[in-house]
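Trainee: In the working numbering, the protein residues as written are 12 to 189.
The structure's right below; bear with me while I get my questions together.
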């Protein structure tokens, strides 16, 4: 179902369509900012609750703005839940603190990394659907080659070849875009 065809759906049907359509984006965004699987599940649930509260706004967005809105919502939900978890563990350091540990990446490095990831996702969106799905499941969902082969109905060797070609295509496009 396309975005334009969602106007007649109830809010619940719209949210189901939204999740089914953008699940790789939602989970990929959560995984980008949080390494704990159990917390990622909570992030997605909380994010969907936040999104449910603004269905009219979501319906009014332009089709090309919706993925960005969803990614920002999941990112902000991730930050809030991580902040709450750290506060609960008394490990949270506010961003305005002067004595931030310098063993991690700086805010600028994080922003550059985030921009590179955005470019990577844009390039992946240009891949054939099967190649994009293989890459997303392999790298974001941590699926192994046999699991991919079973799911997509290919031989494991074919999956490895497809992954290799898709990676090469993404690398080439990344180099071309600078």
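The C-beta atom is built at its ideal place from N, Cα and C for all residues, glycine as well.
Remember, it's a predicted structure, so these values are computed and weren't measured experimentally.
With DSSP collapsed to three states, give me the class of residue 21.
Mentor: coil
Trainee: Just to confirm my understanding: we take residue 42, look at its own chain, exclude 5 residues before and 5 after, and list those with CB closer than 8 Å. What are they?
Mentor: 51 and 151
Trainee: Residue range of the alpha helix (DSSP H) that residue 182 falls in?
Mentor: 167-188
Trainee: If you follow the alpha helix (DSSP H) that residue 142 is part of, which residue opens it and which one closes it?
Mentor: 140-150
Trainee: Taking the alpha carbon of residue 54 as the point to measure from, which residue in 39, 76, 28 and 19 has its own alpha carbon closest?
Mentor: 39
Trainee: What residue does the alpha helix (DSSP H) around residue 48 start on, and which one ends it?
Mentor: 48-63
Trainee: Cβ atoms of residue 142 and residue 173: under 8 Å apart, would you say?
Mentor: Taking 8 Å as the Cβ cut-off, residue 173 and residue 142 qualify as a contacting pair.
Trainee: Look at residue 61 and residue 27 and say whether their C-beta atoms are less than 8 Å apart.
Mentor: Going by C-beta atoms, residue 61 is not nearer than 8 Å to residue 27.
Trainee: Take residue 46 as the anchor and find which of 22, 34 and 89 has the nearest alpha-carbon.
Mentor: Checked all of 22, 34 and 89; the closest Cα to residue 46 is 89.
Trainee: Check residue 69 in the structure and name its three-state DSSP category.
Mentor: helix
Trainee: Among 59, 188 and 134, which residue has its Cα nearest to the Cα of residue 29?
Mentor: Comparing Cα-Cα distances from residue 29 to each of 59, 188 and 134, the minimum goes to 59.
Trainee: Taking the C-alpha atoms as reference points, what is the distance between residue 145 and residue 164?
Mentor: Rounded to whole angstroms, residue 145 to residue 164 spans 12 Å at the Cα level.
Trainee: Pick from 187, 18 and 169: whose alpha carbon is nearest that of residue 73?
Mentor: 18
Trainee: Specify, as a first and last residue, the run of the alpha helix (DSSP H) that residue 158 falls within.
Mentor: Element bounds for residue 158: 156-163.
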